[in-house]
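> Residue numbers (the numbering used here), protein chains in the order written: chain A, 34 to 251; chain B, 34 to 251; chain C, 34 to 251; chain D, 34 to 251.
Ideal Cβ positions, reconstructed from N, Cα and C, are used throughout, including at glycine.
Please read these numbers as outputs of a predicted model, since none were measured by experiment.
4 protein chains.
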Amino acid sequence: MEVRIVKRPARKPASGRDPARTRAAILAAATAEFTAKGLKGARVDAIARRSGANKRMIYHYFGDKQGLYLAVLETTYAAIRTAEIGLHVTDRDPVDGMRVLIEFTWSYFIAHPEFLSLLATENLNRAAYLKKSRRIRDLHSPLVGMISTLLERGAASGVFRKRVDPVQLYITIAALGFFYMSNRHTLSTIFGRDFNARDELDRRGTHIVDVVLAYLRP
Amino acid sequence: MEVRIVKRPARKPASGRDPARTRAAILAAATAEFTAKGLKGARVDAIARRSGANKRMIYHYFGDKQGLYLAVLETTYAAIRTAEIGLHVTDRDPVDGMRVLIEFTWSYFIAHPEFLSLLATENLNRAAYLKKSRRIRDLHSPLVGMISTLLERGAASGVFRKRVDPVQLYITIAALGFFYMSNRHTLSTIFGRDFNARDELDRRGTHIVDVVLAYLRP
Amino acid sequence: MEVRIVKRPARKPASGRDPARTRAAILAAATAEFTAKGLKGARVDAIARRSGANKRMIYHYFGDKQGLYLAVLETTYAAIRTAEIGLHVTDRDPVDGMRVLIEFTWSYFIAHPEFLSLLATENLNRAAYLKKSRRIRDLHSPLVGMISTLLERGAASGVFRKRVDPVQLYITIAALGFFYMSNRHTLSTIFGRDFNARDELDRRGTHIVDVVLAYLRP
Amino acid sequence: MEVRIVKRPARKPASGRDPARTRAAILAAATAEFTAKGLKGARVDAIARRSGANKRMIYHYFGDKQGLYLAVLETTYAAIRTAEIGLHVTDRDPVDGMRVLIEFTWSYFIAHPEFLSLLATENLNRAAYLKKSRRIRDLHSPLVGMISTLLERGAASGVFRKRVDPVQLYITIAALGFFYMSNRHTLSTIFGRDFNARDELDRRGTHIVDVVLAYLRP
DNA sequence: CATGAATGAGATTTCATTCAT
DNA sequence: TATGAATGAAATCTCATTCAT
Numbered sequence: 034m035e036v037r038i039v040k041r042p043a044r045k046p047a048s049g050r051d052p053a054r055t056r057a058a059i060l061a062a063a064t065a066e067f068t069a070k071g072l073k074g075a076r077v078d079a080i081a082r083r084s085g086a087n088k089r090m091i092y093h094y095f096g097d098k099q100g101l102y103l104a105v106l107e108t109t110y111a112a113i114r115t116a117e118i119g120l121h122v123t124d125r126d127p128v129d130g131m132r133v134l135i136e137f138t139w140s141y142f143i144a145h146p147e148f149l150s151l152l153a154t155e156n157l158n159r160a161a162y163l164k165k166s167r168r169i170r171d172l173h174s175p176l177v178g179m180i181s182t183l184l185e186r187g188a189a190s191g192v193f194r195k196r197v198d199p200v201q202l203y204i205t206i207a208a209l210g211f212f213y214m215s216n217r218h219t220l221s222t223i224f225g226r227d228f229n230a231r232d233e234l235d236r237r238g239t240h241i242v243d244v245v246l247a248y249l250r251p
Numbered sequence: 034m035e036v037r038i039v040k041r042p043a044r045k046p047a048s049g050r051d052p053a054r055t056r057a058a059i060l061a062a063a064t065a066e067f068t069a070k071g072l073k074g075a076r077v078d079a080i081a082r083r084s085g086a087n088k089r090m091i092y093h094y095f096g097d098k099q100g101l102y103l104a105v106l107e108t109t110y111a112a113i114r115t116a117e118i119g120l121h122v123t124d125r126d127p128v129d130g131m132r133v134l135i136e137f138t139w140s141y142f143i144a145h146p147e148f149l150s151l152l153a154t155e156n157l158n159r160a161a162y163l164k165k166s167r168r169i170r171d172l173h174s175p176l177v178g179m180i181s182t183l184l185e186r187g188a189a190s191g192v193f194r195k196r197v198d199p200v201q202l203y204i205t206i207a208a209l210g211f212f213y214m215s216n217r218h219t220l221s222t223i224f225g226r227d228f229n230a231r232d233e234l235d236r237r238g239t240h241i242v243d244v245v246l247a248y249l250r251p
Numbered sequence: 034m035e036v037r038i039v040k041r042p043a044r045k046p047a048s049g050r051d052p053a054r055t056r057a058a059i060l061a062a063a064t065a066e067f068t069a070k071g072l073k074g075a076r077v078d079a080i081a082r083r084s085g086a087n088k089r090m091i092y093h094y095f096g097d098k099q100g101l102y103l104a105v106l107e108t109t110y111a112a113i114r115t116a117e118i119g120l121h122v123t124d125r126d127p128v129d130g131m132r133v134l135i136e137f138t139w140s141y142f143i144a145h146p147e148f149l150s151l152l153a154t155e156n157l158n159r160a161a162y163l164k165k166s167r168r169i170r171d172l173h174s175p176l177v178g179m180i181s182t183l184l185e186r187g188a189a190s191g192v193f194r195k196r197v198d199p200v201q202l203y204i205t206i207a208a209l210g211f212f213y214m215s216n217r218h219t220l221s222t223i224f225g226r227d228f229n230a231r232d233e234l235d236r237r238g239t240h241i242v243d244v245v246l247a248y249l250r251p
Numbered sequence: 034m035e036v037r038i039v040k041r042p043a044r045k046p047a048s049g050r051d052p053a054r055t056r057a058a059i060l061a062a063a064t065a066e067f068t069a070k071g072l073k074g075a076r077v078d079a080i081a082r083r084s085g086a087n088k089r090m091i092y093h094y095f096g097d098k099q100g101l102y103l104a105v106l107e108t109t110y111a112a113i114r115t116a117e118i119g120l121h122v123t124d125r126d127p128v129d130g131m132r133v134l135i136e137f138t139w140s141y142f143i144a145h146p147e148f149l150s151l152l153a154t155e156n157l158n159r160a161a162y163l164k165k166s167r168r169i170r171d172l173h174s175p176l177v178g179m180i181s182t183l184l185e186r187g188a189a190s191g192v193f194r195k196r197v198d199p200v201q202l203y204i205t206i207a208a209l210g211f212f213y214m215s216n217r218h219t220l221s222t223i224f225g226r227d228f229n230a231r232d233e234l235d236r237r238g239t240h241i242v243d244v245v246l247a248y249l250r251p
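In structure tokens:
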């Protein structure tokens, strides 16, 4: 036995002893890491380093690597669905509301590469993790609801074609932007053109709106 | 010159002394494994087992895991581009030719999940491997050429709108099918509907043709 | 400030939670292994076993096998240069100081076969690893400085010949002992005589002093 | 069964069906490979490639990798000993004969890095292979004989000191050149000077002669 | 005598997770 | 709540040697 004088640090370290902050830092670091490397490619060590948190904390808050991944996935999905609701597209006339939704979707994909990347990763995994999530299903009825409303009003007023499946249409709206952005690296390589350049992105946005509205025209 | 009697085995054993066959078996097994598990998730051991070849042969023929992956990627790209050329769409009238191309693309994505999966994997990797490939760029000019021809003829005869960018259009044709198929697992989960079912696939095919032709109408 | 009771273990176990000791144990084991087997011949597994550490720790502390090798090399070089400084040869008269340096060098080579072996290994490798080291160059100016001082003083007082290159002389001092020790196995074999025997070593020591001082005589 | 026409090559391939040539090509390639990479680092595949011979031939002529290494070692040793005999130093007066031997030794080391490298490798191995060689011992008595003769005559005529051990002296002559050349990579690195440069090599040659003759002076 | 595809054993390296403090 | 050293299992890759032709 021995008596020793121990100096305790005057100030808390950045991520120390603040549960909420530690958890958020881990989640942010994990999102970046899973986005960049995929599920298998991501390193728990790297997430710990990036977040400034101790590795043990990851296991404390999220159980294991897969639990952390699922938390990232749910958080990321929730973000876009929440933003969509904030558009209040049903306050607008059908054509205008639809245009706002299309443009929002496109610009969201540009601004949030992590959403694209995580979805690609999850689909490579046959949605195994997403299927375990309770919260996910409920997140999507508002989206379907708002598209249905726009389509019905547009059909009634004669500006949209009739009998359009809202889910099918949403998939088309998403597809036109998602594929372009998620595959921009291979597309740029095979076609020898920089699809990430600002003016190419703008052209694509215009094209997407044109395609969807051309289809909806009765 | 010399006449010699050669005994030909009734059936070559899978792991026999037949380099071409060994190489092809490894490539096939690797395609399946990378498709199912991604680049990081794929196991060299599993590929060796599936192919019936000795693990050492993988390194002999392809250098390392990444070299094998690149070979798989090139082979997979070459397959779809070769099949497209075989369509001879420019032998048809513009609308018909375009419809054949759209339907082919869609059915190819259904029949070749490995193409979708490998592209998703490669994009998660920012096309790092594809960029190293010499063969890839050349593979794509015929595709752009055939779409350009159809668009020009259609515009000249008044059945298509003018000044459509052929690459932009191809991305749209691919996007409408690619996103649906590659993301069918998450889409089925979030919308609670089986997008892999036969009738859903047929409906999507019809929808894609409708969307593209509606857009092209002048 | 805080007073705390800390239990200190009577003796730390070899593989305990003591980073400094683990690192040192790995370094010691690696020195022995690289000395005995060379860079390629050394086994990471063997180093782990000899050190009592987990193999994973080697990668934790030293990056990879080559990083470990470089650490061994730097440590080994630092040891002899530090010991040389401790001789304080410039506190002596020139002839005496020179004799002390020669005898020290010879006895160091006898006592430290790892130094000889690692240098031979590194030279087979064309000093590829040493060139990457930052610390190495600085380690050697004191040595050159002390030899220069002795030579200048000796030349001034007429006991040494003039214009002797201190680096050339050091190489000669080292060569006479290094070659004998490092090549003692082949020399013993080809000349049929045990050059590792105590009296042979003593004779060589005397010879080396004779040779160097004979050369320095004006 | 199947009848097939097989074309037999009109000309022999470079290394085909010529046993002596094949064997020599393998030996030359092996010398280069063992020199550059050491025993463990050398690759049997690389030797086969460099020699243009089939890998199986290596096993046919030399048994295994170690047998090949021993053959290289013996051949290399025989070359220098044969060249020394060709000097006929005992036809000269003692000082001149000694100078010729010293200068030959130094220039041989410069011209034959494979000798230095193989000896270093073999000593790292504690001469394990050399000890197995029958031919080696006999190769060295002429060398000792010629030095003894020079020393005796020089002592008798008063130009050399008495009672010099010829083997001890040979080790010194070899050491002064061998260490410089074999360690030139690390020496250049630690002293920041290119010891491989032509003028440095010349200076060293002069120095070696000076040192040895200064020692021999009575 | 000659070929080069194939093999099995073993090497280095990676990684999620746990443990002692 | 927090730390980061330590671990075991498994991954990728290497290599001398043999085998079928």
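Beta-carbon of I169 of chain C versus every beta-carbon of chain D: anything under 7 Å?
Here residue 169 of chain C refers to the residue found at position 136 when the third sequence is read from its first residue. True, the Cβ-Cβ gap to chain D drops below 7 Å.
> Using a 10 Å radius around the Cβ and a threshold of 16 neighbouring Cβ atoms, would you call P127 of chain D buried or exposed?
For the purposes of this step, residue 127 of chain D is taken as the residue at position 94 of the fourth sequence. Buried.
> According to a CB-to-CB cut-off of less than 7 Å, which residues of the segment 134-159 of chain C neighbour chain D?
Listed by position, the residues of the segment 134-159 of chain C near chain D (Cβ gap below 7 Å) are S150, L152, A153, T154, E155, N156, L157 and R159.
> Identify whether Y5 of chain A lies in helix, strand or coil by the three-state DSSP scheme.
It is not possible to answer for residue 5 of chain A, since the shown part of chain A is limited to 34 through 251.
> From L151 of chain D to T68 of chain D, what does the alpha carbon distance come to, in whole angstroms?
Start at 1 with the first residue of the fourth sequence, and residue 151 of chain D comes out as number 118. Start at 1 with the first residue of the fourth sequence, and residue 68 of chain D comes out as number 35. Rounded to whole angstroms, L151 of chain D to T68 of chain D spans 6 Å at the Cα level.
> Judging by CA-CA distance, which residue of A:D51, A:G238, A:S84 and A:F211 is the nearest neighbour of L60 of chain A?
Stepping through the first sequence from its first residue, residue 60 of chain A is reached at position 27. It is A:S84.
> Measuring CB to CB, does I80 of chain B end up less than 7 Å from A62 of chain B?
On the second sequence, residue 80 of chain B is found 47 positions in, with the first residue counted as 1. On the second sequence, residue 62 of chain B is found 29 positions in, with the first residue counted as 1. Taking 7 Å as the Cβ cut-off, I80 of chain B and A62 of chain B qualify as a contacting pair.
> Tell me whether the beta-carbon of A75 of chain D lies closer than 7 Å to the beta-carbon of H218 of chain C.
For the purposes of this step, residue 75 of chain D is taken as residue 42 along the fourth sequence, with counting starting at 1. For the purposes of this step, residue 218 of chain C is taken as residue 185 along the third sequence, with counting starting at 1. The answer is no: Cβ separation not under 7 Å.
> Give, in chain order, every residue of the segment 193-214 of chain C whose Cβ lies closer than 7 Å to some Cβ of chain D.
Going along the segment 193-214 of chain C in chain order, one finds V200, Q201, I204, T205, A207, A208, L209, F211, F212 and Y213 with a Cβ nearer than 7 Å to chain D.
> Could you tell me which chain A residues have their CB closer than 9 Å to the CB of G71 of chain B, listed as they occur along the chain?
Within the second sequence, numbered from 1, the residue matching residue 71 of chain B stands at position 38. Residues of chain A passing the Cβ test: G71, L72, K73, G74, T154, L157 and N158.
> Can the beta-carbon of L149 of chain D be found less than 7 Å from the beta-carbon of M90 of chain D?
Position 116 of the fourth sequence, counted from the first residue, corresponds to residue 149 of chain D. Position 57 of the fourth sequence, counted from the first residue, corresponds to residue 90 of chain D. No, the Cβ-Cβ distance between L149 of chain D and M90 of chain D is not below 7 Å.
> Establish whether the CB of T219 of chain A and some CB of chain B are separated by less than 7 Å.
The count along the first sequence starts at 1 and reaches residue 219 of chain A at position 186. Answer yes: the Cβ-Cβ gap between T219 of chain A and chain B drops below 7 Å somewhere.
> Buried or exposed: where does I118 of chain C fall if 16 or more other Cβ atoms within 10 Å of its Cβ makes it buried?
As a position in the third sequence, residue 118 of chain C is number 85, starting the count at 1. Exposed is the call here.
> May I have the straight-line CA-CA distance separating Q99 of chain A from Y162 of chain C, to the nearest angstrom?
As a position in the first sequence, residue 99 of chain A is number 66, starting the count at 1. As a position in the third sequence, residue 162 of chain C is number 129, starting the count at 1. Rounded to whole angstroms, Q99 of chain A to Y162 of chain C spans 40 Å at the Cα level.
> Would you mind stating whether Y248 of chain A and V244 of chain B have Cβ atoms separated by less than 7 Å?
Within the first sequence, the letter at position 215 stands for residue 248 of chain A. Within the second sequence, the letter at position 211 stands for residue 244 of chain B. Their beta carbons are under 7 Å apart, which means Y248 of chain A touches V244 of chain B by this criterion.
> When we look at the beta-carbon of N87 of chain C and count the other beta-carbons within 10 Å, is it buried (16 or more) or exposed?
For the purposes of this step, residue 87 of chain C is taken as residue 54 along the third sequence, with counting starting at 1. It counts as exposed.
> List in chain order: all unbroken alpha helix (DSSP H) runs of 4+ residues lying wholly within the segment 190-242 of chain D.
With a minimum length of 4 residues, the continuous alpha helix (DSSP H) runs that stay inside the segment 190-242 of chain D are 199-215 and 217-224.
> Report buried or exposed for I241 of chain C, applying the criterion of at least 16 other Cβ atoms within 10 angstroms of its Cβ.
What you label residue 241 of chain C is simply residue 208 of the third sequence in a count that begins at 1. Buried is the call here.
> Buried or exposed: which applies to S140 of chain B, given that a residue is buried once 16 or more other Cβ atoms fall within 10 Å of its Cβ?
Residue 140 of chain B sits at position 107 when you count from the first residue of the second sequence. Burial call: exposed.
> Starting from the Cα of R186 of chain A, find the closest Cα among A:R114, A:M131 and A:T239 and give me that residue.
One-based indexing of the first sequence puts residue 186 of chain A at position 153. Nearest C-alpha to R186 of chain A: A:M131.
> Can you say whether G210 of chain C is buried or exposed, counting buried as having 16 or more other CB atoms within 10 angstroms of its CB?
Here residue 210 of chain C refers to the residue found at position 177 of the third sequence. Burial call: buried.
> Could you give the C-beta distance for A111 of chain A and L172 of chain A, rounded to a whole number, given that I count them as a contact under 8 Å?
On the first sequence, position 78 is the one that residue 111 of chain A refers to. On the first sequence, position 139 is the one that residue 172 of chain A refers to. Contact flag correct, Cβ pair sits at about 6 Å.
> Only counting runs of 4 or more residues, tell me where the alpha helix (DSSP H) segments fall wholly within the segment 79-126 of chain A, in order along the chain.
Listed in chain order, they are 88-95 and 98-118.
> Could you check whether the Cβ of L183 of chain A sits closer than 7 Å to any Cβ belonging to chain B?
Your numbering for residue 183 of chain A matches position 150 in the first sequence. Output row for L183 of chain A: interface = no.
> Residue range of the alpha helix (DSSP H) that R159 of chain D falls in?
Residue mapping note: residue 159 of chain D aligns to position 126 of the fourth sequence, counting from 1. No alpha helix (DSSP H) contains R159 of chain D, which DSSP labels as neither H nor E.
> Tell me whether the beta-carbon of T123 of chain B lies closer than 7 Å to the beta-carbon of M179 of chain B.
On the second sequence, position 90 is the one that residue 123 of chain B refers to. On the second sequence, position 146 is the one that residue 179 of chain B refers to. Yes, these two residues count as a Cβ contact at 7 Å.
> Let me check understanding here. Comparing Cα to Cα, which of D:R250, D:L234 and D:P251 lies closest to E136 of chain D?
As a working mapping, residue 136 of chain D is identified with position 103 in the fourth sequence. For E136 of chain D, the nearest C-alpha among the options comes from D:L234.
> Measuring straight from C-alpha to C-alpha, what distance separates A153 of chain C and R231 of chain C?
Counting from 1 along the third sequence, the entry for residue 153 of chain C is found at position 120. Counting from 1 along the third sequence, the entry for residue 231 of chain C is found at position 198. If I take the Cα positions, the gap works out to 23 Å.
> Going along chain B in order, which residues have a C-beta closer than 7 Å to the C-beta of V244 of chain A?
Mapped onto the first sequence, residue 244 of chain A falls at position 211. What V244 of chain A touches in chain B: T205, V244 and Y248.
> Checking 7 Å against the spacing of the C-beta atoms, do A107 of chain D and S166 of chain D come in under that value?
Residue 107 of chain D sits at position 74 when you count from the first residue of the fourth sequence. Residue 166 of chain D sits at position 133 when you count from the first residue of the fourth sequence. The sequence as given places Glu at residue 107 of chain D; Ala does not occur at that position. A contact, by the Cβ cut-off of 7 Å.
> So with CB distances below 7 Å, who are the chain A contacts of N216 of chain B?
Working through the second sequence from its first residue, we reach residue 216 of chain B at position 183. Here the neighbours are L152 and N156.
> Cutting at 6 Å between CB atoms, please list the residues of its own chain near A188 of chain D, excluding the five before and the five after it.
Sequence index remark: in the fourth sequence, residue 188 of chain D carries index 155 (1-based). Excluding residues within five positions, the ones whose Cβ falls inside 6 Å are K195.
> If we ignore side chains and look at the alpha-carbon of each, how far apart do R168 of chain B and V77 of chain C end up?
Taking the second sequence and counting its residues from 1, one reaches residue 168 of chain B at position 135. Taking the third sequence and counting its residues from 1, one reaches residue 77 of chain C at position 44. Computed Cα separation, rounded: 41 Å.
> Just how far apart, CA to CA, sit R114 of chain D and G238 of chain D?
Here residue 114 of chain D corresponds to residue number 81 of the fourth sequence, with the count starting at 1. Here residue 238 of chain D corresponds to residue number 205 of the fourth sequence, with the count starting at 1. The alpha-carbon atoms of R114 of chain D and G238 of chain D are separated by roughly 20 Å.
> Classify N229 of chain D as buried or exposed, calling it buried when 16 or more other Cβ atoms lie within 10 Å of its own Cβ.
Sequence index remark: in the fourth sequence, residue 229 of chain D carries index 196 (1-based). Classification of N229 of chain D: exposed, given that the 10 Å Cβ count is below 16.
> Which chain A residues are close to G225 of chain B, counting only those with a beta carbon under 7 Å from its beta carbon?
The residue given as residue 225 of chain B occupies position 192 in the second sequence. Chain A residues near G225 of chain B: R170.
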